[in-house]
Amino acid sequence: MFASLDWIEGSRQQILGIAGIALMAAVNWRALPLLVVTALSGAIYSLTAMVIDRPRPPEGLVHVIRHTGSSSYPSGHVAFFSWFFILLILCLAVGRLPKPMVAAAWVAAAFVLLAVCLGRIYMGEHWPSDILGGLALGLGWTSLALSVRLISDPVLGRGK
1 MFASLDWIEG
11 SRQQILGIAG
21 IALMAAVNWR
31 ALPLLVVTAL
41 SGAIYSLTAM
51 VIDRPRPPEG
61 LVHVIRHTGS
71 SSYPSGHVAF
81 FSWFFILLIL
91 CLAVGRLPKP
101 MVAAAWVAAA
111 FVLLAVCLGR
121 IYMGEHWPSD
131 ILGGLALGLG
141 WTSLALSVRL
151 ISDPVLGRGK
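Everything in the sequence shown is counted per the numbering used here, starting at 1 for the first residue and increasing by one.
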């Protein structure tokens with residue numbers, strides 16, 4: 001399971017992000033500004049990883065299954081899936097599906113995100129602090145974007 005989640009990286013992650021944004025915007029075009037602002041977390045991730053440039057866990061210290069060779073902090077997988085799942089549910093499920101189904105979607109997203117977090121550590125790709133950094137980036141940036149009422153109100157149905 002961890003390897004399948006690990007497979008979505010680099011260009012595959014970018015394609016998934018672009019396809020997801022296109023789908024969410026097609027279903028809820030008013031979400032486009034929020035989607036674009038939230039997707040900018042990728043640029044923040046790249047800048048942070050470049051500035052900090054922390055090495056991945058070494059093989060002598062942890063059991064490494066695979067390394068991609070890039071820097072370790074923060075986890076780009078975790079940052080990506082954090083914002084992606086939140087917006088996927090807000091744009092495609094909230095207000096469109098019955099509340100129990102929306103709740104189930106939140107629970108499923110939390111479990112997949114947890115699996116991504118644990119998998120990145122299990123595969124030897126990240127330290128736990130890298131995972132926390134990815135969560136802080138993904139959830140923090142998404143929360144900030146959602147707090148800007150000008151771009152979040154049309155998505156959340158406020159201010160009608």
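Idealized CB from N, CA, C, for every residue including glycine.
- Between the beta-carbon of Ala145 and that of Val37 there is about 5 Å, and that keeps the pair under the 8 Å contact cut.
- Unbroken beta strand (DSSP E) stretches of 3 residues or longer found wholly inside the stretch 14 to 60: none.
- Runs of alpha helix (DSSP H) with 4 or more residues, each lying fully within the stretch 69 to 144, are found at 76 to 92, 99 to 122, listed in chain order.
- Contact annotation: Gly138 and Ser82 have beta-carbon atoms nearer than 8 Å.
- Its chain contains Tyr73 as the residues whose beta carbon lies nearer than 8 Å to that of Ser129, once the 5 sequence neighbours on both sides are disregarded; these appear in chain order.
- Contact between Ile89 and Trp106 holds: their C-beta atoms lie close to 6 Å from each other, under 8 Å.
- Counting of Cβ neighbours within 10 angstroms places Gly133 among the buried residues, the total reaching 16 or more.
- Burial state of Met123 is buried, judged by a 10 Å Cβ sphere holding 16 or more other Cβ atoms.
- In terms of Cβ geometry, Gly95 and Tyr45 do not form a close pair [threshold 8 Å].
- Shown here for Leu92: same chain residues with a beta carbon closer than 7 Å to its own, the five before and five after excluded, namely Met24, Val27 in chain order.
- Distances from the alpha-carbon of His126 to those of Ala31, Arg56, Gly42, Thr48 put Arg56 closest.
- A Cβ-Cβ contact shorter than 8 Å links Phe85 with Leu113.
- Considering only Trp29, Leu32, Ala39, Gly60, the residue with the shortest C-alpha distance to Leu16 is Ala39.
- If you draw a 10 Å sphere on the C-beta of Trp141, you find 16 or more other C-beta atoms in it, and that means buried.
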